[in-house]
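Visitor: Numbering (full-length UniProt numbering), first residue to last: 1 to 86. For each residue, glycine too, the CB sits at the ideal point set by N, CA and C.
1. Would the beta-carbon of residue 11 fall within 8 Å of that of residue 77?
2. Quick check on the DSSP output: the beta strand (DSSP E) that includes residue 11 runs from which residue to which?
3. If the criterion is Cβ atoms closer than 8 Å, does the pair residue 50 and residue 30 meet it?
4. DSSP three-state label for residue 4, please.
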């Protein structure tokens with residue numbers, strides 16, 4: 001299994017070679033307690049970075065929701081990878 005020492009976070013770019021991103025190590029990680037790697041259920045984790053990021057044109061804060069969406073409400077979703085489980 002991977003540990004926090006095996007991973008780095010690249011912030012502010014999606015290209016390693018352009019040199020504009022910020023690289024951070026992971027001080028602590030927390031895997032969802034119901035994560036199931038066979039089904040990809042609950043495949044997310046929380047990361048505590050080793051130091052703060054510098055906000056700029058490519059790195060911005062996002063607002064957290066203040067209430068749950070209701071039926072029919074328009075929502076924005078962000079992610080990386082599969083959009084459905086096997």
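Guide: With the structure as the only source:
1. By one-based count along the chain shown, residue 11 stands at place 11. By one-based count along the chain shown, residue 77 stands at place 77. No, they are not a contact pair.
2. Translated into the one-based positions of the chain shown, residue 11 becomes position 11. Where residue 11 is concerned, the enclosing beta strand (DSSP E) stretches over 8-11.
3. Position 50 of the chain shown holds residue 50. Position 30 of the chain shown holds residue 30. Contact flag unset, no.
4. Within the chain shown, the letter at position 4 stands for residue 4. Note: residue 4 maps to helix in three-state DSSP.
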